[in-house]
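These notes are about the structure you will find just below.
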Amino acid sequence: MEFIIDGTFTAFKLLINLDVETYSAVKATLYTSSISIILALIIGLPIGFILGFYNFFGAKVLKFISDTMLAMPTVAIGLIIYAFITRNGPFGEFGLLFTLKAIVIGQLVLALPIIISLSSSIIENMDEKHYFTIMSYRLSNPKLVMVVIYELRYSLMVVVANAYGRIVAEVGVAMLIGGNIKYFTRTITTAISLETNKGQFERGIALAIVLISIAFLVNLSIHFLKRLDK
């Protein structure tokens with residue numbers, strides 16, 4: 347029990363003193379997760395809207411693919427991405443492996459199915475009164491999209507928060523294609539795994555505190571948005 351108390355005390359000292367190694371992992375995590383969630387939102391939300399609002403041939407197949415990707419292990423996704431961006435892969439010439447760009451790509455692939463699948467479900471199950479009221483205005487397509495998104499904004503924000511919560515705490519993909527390089531591609535989760543294996547619990551606890559704080563803020567946001575949506 348004493349080593350836990352001492353480790354926690356030292357962990358707070360590392361955070362307060364702005365330990366370079368600790369904050370480099372925090373910086374890498376926030377950088378990659380922020381870029382990937384923005385890209386996932388830009389790409390995934392329009393696709394989710396189309397799948398949820400319109401009924402067309404192949405929509406069910408696309409939804410099935412998106413739902414299937416939700417259940418795929420992150421390590422398997424990392425392995426697939428690794429095969430594509432490794433030196434002998436089709437995109438090997440771009441030198442993406444073991445870079446922050448690779449982690450962004452991995453997190454993007456993880457976040458996209460969540461945003462596409464959940465947003466399409468929310469839009470598809472929109473209240474009929476809202477649907478018929480919106481359609482009665484005979485809006486142009488761009489205005490129609492904006493109105494629907496505005497009406498469902500709180501529910502869609504919960505989707506984004508869920509997607510962000512998954513990628514910020516992900517370790518398999520970041521470890522496999524990021525390489526866990528110190529001061530470069532080492533994220534909070536990969537650093538915790540490494541420091542724990544090395545027996546350096548203090549830094550691992552410090553990073554865990556940061557990760558738990560992020561998770562708490564994400565869950566608090568989800569709880570708040572759900573209350574607003576009632």
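Numbering (the working numbering), first residue to last: 347 to 576. Where is the CB? At the ideal position from N, CA and C, for every residue including glycine. Remember, predicted model here, so these are calculated numbers, not experimental data.
Would you report the Cα separation of residue 441 and residue 432, rounded to the nearest angstrom?
8 Å
Contact belief for residue 398 with residue 466 at Cβ below 8 Å, rounded distance in angstroms:
4 Å
Distance between residue 405 and residue 541 (C-alpha atoms, nearest Å)
45 Å
Would you check if the region 472 to 489 and the region 509 to 525 touch, i.e. whether three or more CB-CB distances between them fall below 8 Å?
no
With a 10 Å radius around its C-beta and 16 neighbouring C-beta atoms as the bar for buried, classify residue 521 as buried or exposed.
buried
Take the Cβ of residue 496 as the centre, count every other Cβ of all protein chains shown within 10 Å, and call the residue buried at 16 or more, exposed below.
exposed
With residue 528 as the anchor, note down where its alpha helix (DSSP H) starts and where it stops.
No alpha helix (DSSP H) contains residue 528, which DSSP labels as neither H nor E.
Taking all protein chains shown into account, do 16 or more other C-beta atoms lie within 10 angstroms of the C-beta of residue 529, making it buried, or fewer, making it exposed?
exposed
Classification of residue 510 by the beta-carbon crowding that lies within 10 angstroms, buried from 16 upward
buried
Return helix, strand or coil for residue 546, following the three-state DSSP convention.
coil
Between the alpha carbons of residue 411 and residue 363, how many angstroms are there, rounded?
47 Å
Spatial distance of residue 428 from residue 395 (CA atoms)
30 Å
Give the straight-line distance between the Cα atoms of residue 557 and residue 389, rounded to the nearest whole angstrom.
26 Å
So is residue 403 buried or exposed if we call it buried at 16+ other beta carbons inside 10 Å?
exposed
Excluding the 5 residues flanking residue 359 on each side, which residues of the same chain have their C-beta closer than 6 Å to its C-beta?
none
Hey, how far is the Cα of residue 445 from the Cα of residue 477?
45 Å
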